[in-house]
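**Student:** Protein chains in written order, with this note's numbering: chain A, 853 to 1239; chain B, 736 to 870.
Let me begin by handing over the structure; questions about it come next.
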Amino acid sequence: MTPALLWTPLYEWHVAHGARMVDFAGWAMPLQYRSITEEHLATRRSCGIVDISHMGRLRFEGPGAEEFLAALLTRRIGEIKLGQIRYSLVTNEQGGILDDVLTGYYHNEMGQPFYLVVVNASNREKIVQWTHRHLPPERAGVRGKEVLWTDVTRLWAMFAIQGPNAVEVLQPLVDVDLDTMKYYNGALVRILHPAARRQGGIISRTGYTGEDGFELSVGAGIATGVWEAILEQGKPFGIVPTGLGARDTLRLEAGMPLYGHELGEDVDPFQAGLGYACYLTGVDFPGREALVRLQNEPVRWKRVGLELSGRRIARERSPVLAGDERVGWVTSGTFSPSLQRSIAMAYVRPDRAEPGTELSVDIRGRREPACVVKLPFYRRRSKGTTP
Amino acid sequence: MKPEELLYTTTHEWIHVATDPSGAKIGTVGISSFALEALTDLVFIELPQVGQRVQAGRRFGEIESVKAVSDLYSPVDGEIVAVNSAVAKDLEHLADDPYEKGWLIKVRITDESGLTKLMDYAAYQRQCEQEMKDA
């Protein structure tokens, strides 16, 4: 028997609105409500909202929190200023990627600082175990360096509101100025809607779509009410509830890696193109020494984008060929709704990774021509530029 | 073609059988709207050539959506006499009108006994309901 799936606070809403529910990392999640392509294009054109309450969220506070996280993550945690969010990795002693995470630094209503670390749903239990291992009770309780940490995943819902109209849709519902909020910044907010029952939330200008947008966390108890309030607010803009299917095609067009596909314990940050997220001096995290060593070695594989000339999709694990020689493998592929062509990310040998290199992908026994292209596949027009 | 008047495979292909002036049985084959709704977001279809032989239960092409690839299986034994190449150029025809504009191939049936193994509309409906429950 398959173990019972976890439900987000929005589960009943999804089912009532015709979502096709799938098992994603042990959670019952909406894959799509109608068509993946329509949901995808709505985010590119105006605004989409996705339930991402399955994302793991770990909260760290106490006088020892900064030092502890600094010894776990690949980035100088002490440099994260109040209201900032930074992308980093969790690596094992060999430098393999255990997870890629976002760490935000906030003050609570009482002015007490805390960190919120957002981890992949598929890695939540692993990172919880990893945290336990590096933070045994005797260490968490050292006087003057106490660390209190909580897995708040089930207590808080989280939504991604993404697209060029995200500011307009959300602004009336929160008491901070969203227009001036910088990318990769966040804040505690009051939610200006009766459905929020005077509760607050955390909003950040982050996302996984390549569009402008926000991620909003609110208490599980008010989640459905706030979700519906956002949909109501977004109605004039044509906001569309969006499933994980479109979330995947959006992140793929944006060239963003996904754990379990482009990233894994057998992948090092340099081959993934994530060297920028690893600070190798002034930090000491598991895997740092291995990464220092790897940094000076030539990479064995490089993450690249591929554009295929046909319409067939290069699925994960399809072999990538140069002539008859196998030079890599596909990690994710889809048919890009924005570009109307078949795209994929792959690991290929560095000598075949230059944009413009002509390769082919073996799709179920037939070779389809593919060309290495620069990532991302899709880049939004920045605000202020005329189309 | 009315869905109620067609025969179905367990793999969601439909067939409509007619007799041509020479007396040969010609089967028109397509995919059910149930299957197309399950697939959504079609991106590609591969169809065979006229003159190719097909066998009941054997693959004759493939259909791909953003989510997955599925093989297409022939409901009958026979020889392909027509292929709807318009469908490959415009997959919306297939999704919007699977029983008329969305037909895929026409087959000159060589073994009519195979038709008795197919489901009628009522039986196919029951299978779809069961699949909905199992999903």
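Where a beta carbon is used, it is the ideal one built from N, C-alpha and C, also for glycine.
Less than 6 Å between C-beta atoms, sequence neighbours within five positions excluded: which residues of the same chain meet that for A:Met1033?
**Tutor:** Correct list, in chain order: Arg1057.
**Student:** Whose Cβ in chain A lies nearer than 7 Å to the Cβ of B:Asp776?
**Tutor:** Per Cβ cutoff of 7 Å: Ser887, Ile888, Thr889.
**Student:** Report yes or no: do three or more beta-carbon pairs, one from the stretch 910–927 of chain A and one from the stretch 1105–1115 of chain A, lie closer than 8 Å?
**Tutor:** The stretch 910–927 of chain A vs the stretch 1105–1115 of chain A: no contact.
**Student:** Using DSSP with H/G/I as helix, E/B as strand and the rest coil, what is A:Trp1153?
**Tutor:** In this structure, A:Trp1153 counts as coil in the three-state DSSP scheme.
**Student:** May I ask which residues mark the beginning and end of the alpha helix (DSSP H) holding A:Thr889?
**Tutor:** Its alpha helix (DSSP H) spans residues 888–897.
**Student:** Where A:Thr1238 and A:Asp1120 are concerned, what is the direct C-alpha to C-alpha distance, given to the nearest angstrom?
**Tutor:** In this predicted model, A:Thr1238 has a pLDDT of only 44, less than 50, meaning its place in the structure is not dependable enough to derive any value.
**Student:** Which residues does DSSP list as the beta-bridge partners of A:Asp875?
**Tutor:** According to DSSP, A:Asp875 bridges with A:Ala880.
**Student:** Is the distance from the Cβ of B:Glu748 to the Cβ of B:Val778 below 7 Å?
**Tutor:** Against a cut-off of 7 Å, the Cβ pair of B:Val778 and B:Glu748 comes out as no contact.
**Student:** Since B:Glu799 meets chain A, which of its residues come closer than 7 Å, beta carbon to beta carbon?
**Tutor:** Near B:Glu799 (Cβ distances below 7 Å), the residues of chain A are Arg1164, Ile1165.
**Student:** Can you pull the DSSP bridge partners for A:Met1010?
**Tutor:** For A:Met1010, which the question treats as bridged, DSSP gives the partners A:Ser1069.
**Student:** Short of 8 Å in beta carbon distance, which residues of its chain neighbour A:Thr983, apart from the five on each side in sequence? Order them along the chain.
**Tutor:** So the list reads Leu910, Leu924, Trp1001, once near-sequence residues are dropped.
**Student:** Around the C-beta of B:Gln787, are 16 or more other C-beta atoms found within 10 angstroms, so that it is buried, or is it exposed?
**Tutor:** Burial call: exposed.
**Student:** On the DSSP bridge assignment, give the partners of A:Pro1221 in chain order.
**Tutor:** Looking at the DSSP assignment, A:Pro1221 forms a beta bridge with A:Ser1212.
**Student:** For A:Thr1061 and chain B, any beta-carbon pair shorter than 7 Å?
**Tutor:** No, because no Cβ of chain B sits closer than 7 Å to the Cβ of A:Thr1061.
**Student:** Leaving out five residues before and five after A:Leu1132 in sequence, what residues of the same chain have Cβ atoms less than 7 Å from its Cβ?
**Tutor:** Same-chain partners within the cutoff: Arg1140, Leu1143, Val1144, Gln1147.
**Student:** For B:Lys802, which residues in chain A fall below 9 Å Cβ to Cβ?
**Tutor:** The contacting residues are Leu883, Gln884, Ile888, Gly1097.
**Student:** With a Cβ-Cβ cutoff of 7 Å, do A:Thr926 and A:Ala1129 count as a contact?
**Tutor:** Contact flag set, yes.
**Student:** Which residues of chain A have a Cβ atom closer than 9 Å to the Cβ of B:Phe779, listed in chain order?
**Tutor:** The contacting residues are Gly1162, Arg1163, Arg1164, Ile1165, Phe1187, Ser1194.
**Student:** What does A:Thr1005 touch in chain B if you count any residue whose Cβ is under 8 Å from its own?
**Tutor:** Ordered by position in chain B, no residue passes the 8 Å Cβ test against A:Thr1005, which lies about 26 Å from the chain.
**Student:** To the nearest whole angstrom, what separates the beta carbons of A:Gly956 and A:Gly1038, a pair I think is in contact under 8 Å?
**Tutor:** Going by Cβ atoms, the distance from A:Gly956 to A:Gly1038 rounds to 5 Å, so yes, they are a contact pair.
**Student:** How far does the alpha helix (DSSP H) with A:Val1144 in it extend, from its first residue to its last?
**Tutor:** Taken as a continuous stretch (DSSP letters only), the alpha helix (DSSP H) holding A:Val1144 covers 1140–1147.
**Student:** Since A:Pro1171 sits in a beta bridge, which residues does DSSP pair it with?
**Tutor:** In the DSSP output, where bridge partners are listed per residue, A:Pro1171 has A:Trp1181.
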